[in-house]
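> Sharing a structure with you now.
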Amino acid sequence: MIDVINLKKSFGSVEVLKGINMTINKGDIVAIIGPSGSGKSTFLRCLNCMEDPTSGQIIFNGVDIADMKVDINIHRRKMGMVFQHFNLFNNKTVLENIMLAPVYTRCQELKKAKRHNRLAAFGKKEQIPVTTTKEQIKKEAREQAMNLLKRIGLEDKANVYPSTLSGGQKQRIAIVRALAMNPDVILFDEPTSALDPEMVGEVLELMKQLAEEGMTMVVVTHEMGFAREVASRVVFIDEGVIKEEAEPKEFFAHPKDVRLKEFLSKVL
Ligand code: ADP
Ligand code: MG
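Counted from 1, the sequence shown has number 248 at position 248 by the UniProt record's numbering; the numbering is strictly sequential.
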């Protein structure tokens, strides 16, 4: 699904990613661990086109999204992202947060089709069939959002603002907000690091459910239990390079890299 080839990223004269190669197949759960400042967030941000790589390729569903010429918005929609600090819109209700991106993108598509059809009518070109309306798009997005909220047991929170929620609730809403776009893959950047300890479990449980349903996930995490139990592969990034990569059993039982051994001795 994703092929990262020799990905490099510098900020000014500082090279943060020094040639990352990674293949992510459908259904993979890749856990990325590593010391603070090693480039983990930068890597996820490059995958999601929030940073422009300095060089290298990111082939996503056959298209190089590191190439400036492609319309990254189309591909970004297929990649969900969940952040450490939730990044919910605080001036929108929970329901609005979940509906926003699907409604926006589908309305944009509708607008584009209508514009095309107006021009096509002059040029006697083929019309794009338009079978929906703005109201219909909103109605469907609302239904889907309510179903997602039901799934996580928070349907009674649909009309409240995020500031009234606990960290665990916010993060679970951020996760279903990502799901609302029907992504091919979800990227998680330390999704439990900002949570009070008693709320970590509910978020990890939801992530585990997604993993069991076959969702492709790339998870930067300090939760070694999650990496060990849920990941199909664990990757150690240190100083901008992948120092080690293995199945969890092998990874934790027989770490080879000196820096990884040192890292594990601190976190386990
Ligand atoms: P990690 O997520 O592994 O802790 P980051 O990817 O956030 O690491 O950061 C890696 C390095 O890149 C750090 O030294 C950080 O200061 C630097 N860095 C990250 N983003 C920027 C930026 N926008 N401008 C300059 N330096 C940055
Ligand atoms: Mg980070």
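Just so it is clear, CB atoms sit at the ideal spot from N, CA and C, and this is done for glycine as well. Small disclaimer: the values here were computed from a predicted structure and weren't measured.
Closer than 8 angstroms to a non-hydrogen atom of the ligand ADP - does that hold for the CB of Pro35?
Yes.
> Using beta-carbon positions only, say whether Leu47 and Val16 come within less than 9 angstroms of one another.
Not a contact, by the Cβ cut-off of 9 angstroms.
> Cα separation between residue 347 and Phe83?
Here the chain covers residues 1 to 268 and nothing more, so residue 347 does not appear.
> Where does Val234 fall in DSSP's three states?
The answer is strand: DSSP assigns Val234 an E or B state.
> Using the beta-carbon count (16 or more within 10 Å), is Leu179 buried or exposed?
Flag for Leu179 reads buried.
> Of the residues Ile33, Lys78 and Gln127, which one's Cα is nearest the Cα of Lys266?
Taking only the C-alpha atoms, the option nearest Lys266 is Ile33.
> Where does Asn91 sit, in a helix, a strand or coil, going by DSSP?
Note: Asn91 maps to coil in three-state DSSP.
> Between Val200, Met146 and Lys150, which has its C-alpha nearest Gln171's C-alpha?
Cα-wise, what sits closest to Gln171 is Val200.
> Within 8 angstroms: the Cβ of Thr164 and any heavy atom of the ligand ADP?
Every heavy atom of the ligand ADP is 8 angstroms or more from the Cβ of Thr164, so no.
> Does the beta-carbon of Asn97 have 16 or more other beta-carbons within 10 angstroms, so that it is buried, or is it exposed?
Buried, because 16 or more other Cβ atoms sit within 10 Å of the Cβ of Asn97.
> Counting beta carbon pairs with one atom in the region 84-104 and one in the region 159-175, are three or more of them shorter than 8 angstroms?
A contact exists between the region 159-175 and the region 84-104.
> Less than 8 angstroms between C-beta atoms, sequence neighbours within five positions excluded: which residues of the same chain meet that for Met146?
So the qualifying residues of the chain are Leu95, Glu155 and Ala158.
> Could you give the first and the last residue of the continuous alpha helix (DSSP H) run that contains Asn73?
Per DSSP, Asn73 belongs to the alpha helix (DSSP H) from Ile72 to Arg76.
> Just checking Lys40 against the ligand ADP - is the residue's beta carbon closer than 8 angstroms to any of the ligand's heavy atoms?
Yes, the ligand ADP has a heavy atom inside 8 angstroms of this Cβ.
> According to DSSP, is Val130 part of a helix, a strand, or is it coil?
Looking at Val130 - three-state DSSP - the assignment turns out to be coil, as it is neither helix nor strand.
> Nearest CA to the CA of Lys243: which residue from Lys249, Glu250, Pro255 and Ser232?
Checking every option, the nearest Cα to that of Lys243 belongs to Pro255.
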